[in-house]
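Once you know that position 117 of the sequence shown is 117 in the UniProt record's numbering, the rest is easy, because the numbers rise by one and skip nothing.
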Amino acid sequence: MSGAEDTGGGTSDAGGTRTVVGLRGVTKEYAGGVTALRGVDLTVAEGELLAIVGPSGSGKSTLLHIVGTLDRPTAGSVHIAGHDVAALSDRRLSALRAQHVGFVFQAFHLVPGVSARDNVAEGLLYSGLPRSVRRRRAAEALDRVGLADRLHHKPHQLSGGQKQRVAIARAVVGEPALLLADEPTGALDSASGAAVMELLRDLNREGATIAVITHDTEIAGSLPREVRIRDGEVVADVRNPSSVPSMAAGAEL
Ligand SMILES: Nc1ncnc2c1ncn2[C@@H]1O[C@H](COP(=O)(O)OP(=O)(O)OP(=O)(O)O)[C@@H](O)[C@H]1O
Ligand SMILES: [Mg+2]
């Protein structure tokens, strides 16, 4: 690809399916001597909806941060939408992230003292859209997660589950091609959790590629693909034939 500012695109295999995420031999060592990932290979095609599961401390969040280009690996290669992340400057990487990636953090990371609506609108800060449009889209995204009546509440005035839903609204407001969610239902009751999963399925049907970390075996088993991590390694990568077909599976029929 020659366009220096073009952060779209991707690589295609012979069947024409684009690879959105390509990790090869990814290792992550943190200062202090913890090896969180050990030689992880992971390929995710456009339109997939996958669960990442594994015990606490197994490296799931670390993996998602590296896929989301929020962190760089100690060794190995990371390709996102056809771009070799190691070859991109921090500025280009920020642009890639802003245009294509939505991230739901395990710890929410909402801006304190700022309303739910403005927290969500922040997800569109680099979109080039005028402020009035960003605010309208933010209100719509909050409506989608059932928080239309909490637009003006600040994080400290929201329950844990409501904060989680604001974080989800912020991640999806820009309709990212790649959505990465770190336990998006962890703080939710089963009805709210089911509603969030339905939203993710809707976004997937609309074309988004989605990876969801979950401890909920029922959720994991209901998704088309399940990647299991243990001690920093991928120990299983299974397709669930009984799940609702994702875009990618449907496209192959
Ligand atoms: N910034 C950091 N510095 C040092 N060690 C870290 C850092 N972040 C994570 N670790 C360590 O790396 C390992 C993997 O952490 P990670 O957060 O990826 O686990 P996880 O699978 O997401 O766990 P959980 O299910 O509890 O969220 C853990 O042993 C953790 O202590
Ligand atoms: Mg985690």
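Ideal placement from N, C-alpha and C gives every residue a C-beta, glycine not left out.
According to DSSP, simplified to helix, strand and coil, what is residue i?
{"i": "E5", "result": "Its pLDDT being 41, under 50, E5 is placed unreliably by the model, and the measurement read from it follows with that caveat. E5: coil per DSSP, three-state reduction."}
{"i": "L142", "result": "helix"}
{"i": "L188", "result": "coil"}
{"i": "V196", "result": "helix"}
{"i": "D237", "result": "strand"}
{"i": "V172", "result": "helix"}
{"i": "D216", "result": "coil"}
{"i": "E208", "result": "It should be noted that the sequence gives Ala, not Glu, for residue 208. A208: coil per DSSP, three-state reduction."}
{"i": "residue 258", "result": "Residue numbering for the chain in the displayed model covers 1 to 253; residue 258 lies beyond these limits and cannot be assessed."}
Use the C-beta contact count for residue i: other C-beta atoms within 10 angstroms, 16 or more gives buried, fewer gives exposed.
{"i": "S61", "result": "buried"}
{"i": "L164", "result": "The amino acid at residue 164 is misidentified as Leu; the sequence shows Gln. With 16 or more Cβ atoms within 10 Å of its Cβ, Q164 is classed as buried."}
{"i": "Q157", "result": "exposed"}
{"i": "A208", "result": "buried"}
{"i": "D182", "result": "buried"}
Determine the contact status of residue i and residue j, defining contact as a CB-CB distance below 8 Å.
{"i": "A171", "j": "G102", "result": "yes"}
{"i": "L223", "j": "A51", "result": "yes"}
{"i": "V196", "j": "V120", "result": "no"}
{"i": "L49", "j": "L23", "result": "no"}
{"i": "H100", "j": "P176", "result": "yes"}
{"i": "V21", "j": "G76", "result": "no"}
{"i": "V40", "j": "V212", "result": "no"}
{"i": "R225", "j": "S58", "result": "no"}
{"i": "A169", "j": "A141", "result": "yes"}
Using beta carbons (cut-off 8 Å, strictly below), is residue i in contact with chain B?
{"i": "R134", "result": "No chain B appears in this structure, which consists of one protein chain only."}
Query raised in the report: Mind pulling the beta strand (DSSP E) runs of 3 or more residues that sit fully within the segment 117 to 142?
Result: none
Requested in this report: Would you list, in sequence order, the uninterrupted alpha helix (DSSP H) runs of no fewer than 4 residues that lie entirely inside the segment 44 to 118?
Outcome: 60 to 67 and 90 to 100
Query raised in the report: With contact counted as at least three CB pairs below 8 Å, one residue from each stretch, are the segment 140 to 153 and the segment 109 to 118 in contact?
Result: yes
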